[in-house]
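**Student:** Got a structure here, written out as structure tokens. Questions coming.
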Amino acid sequence: MADHTDTPLDVEELRTVVAGALELPVEEVTDEARFKEDLDVDSLISLEIAVRVEEHFGVKIDESQLTEMGTFQLVRELVEAGLSTGSAR
Numbered sequence: 038m039a040d041h042t043d044t045p046l047d048v049e050e051l052r053t054v055v056a057g058a059l060e061l062p063v064e065e066v067t068d069e070a071r072f073k074e075d076l077d078v079d080s081l082i083s084l085e086i087a088v089r090v091e092e093h094f095g096v097k098i099d100e101s102q103l104t105e106m107g108t109f110q111l112v113r114e115l116v117e118a119g120l121s122t123g124s125a126r
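If you're matching positions, the sequence shown starts at 38 in this note's numbering and goes up one per residue.
In structure tokens, the structure reads:
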């Protein structure tokens with residue numbers, strides 16, 4: 038996998054990855070929409086999002102962070118933090 042630490046995060050690409058995990062249209066994955074409450078998805082979706090993020094961006098999201106992934110905004114922040122600290126592969 039390519040090293041993604043030298044390029045800025047493509048937010049729309051991340052939104053597409055998350056929408057794919059949620060099996061929702063991209064336009065429904067807004068910064069504010071809460072996955073469990075607004076989008077009515079089950080808790081396994083956080084794990085699916087983490088797997089797809091790692092595959093696509095090379096950023097591993099720790100199990101302890103899965104509960105934090107309640108909105109796209111939080112997923113984006115976790116990925117940006119992973120890219121900025123060099124935890125991406």
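By construction, the Cβ of each residue, glycine as well, lies at the ideal position given by its N, Cα and C atoms.
Bear in mind that the values here come from a model prediction, so they are computed numbers and not experimental data.
1. Residue 48: buried (16+ other C-beta within 10 angstroms of its C-beta) or exposed?
2. Please report the distance separating the alpha-carbon of residue 79 from that of residue 73.
3. Is the separation between the beta-carbon of residue 102 and that of residue 81 shorter than 9 Å?
4. If you follow the alpha helix (DSSP H) that residue 70 is in, where does it begin and where does it stop?
5. Straight-line CA distance for residue 64 to residue 52?
**Tutor:** Short version:
1. exposed
2. 6 Å
3. no
4. Counting along the chain, residue 70 falls outside any alpha helix (DSSP H), and DSSP gives it neither H nor E.
5. 9 Å
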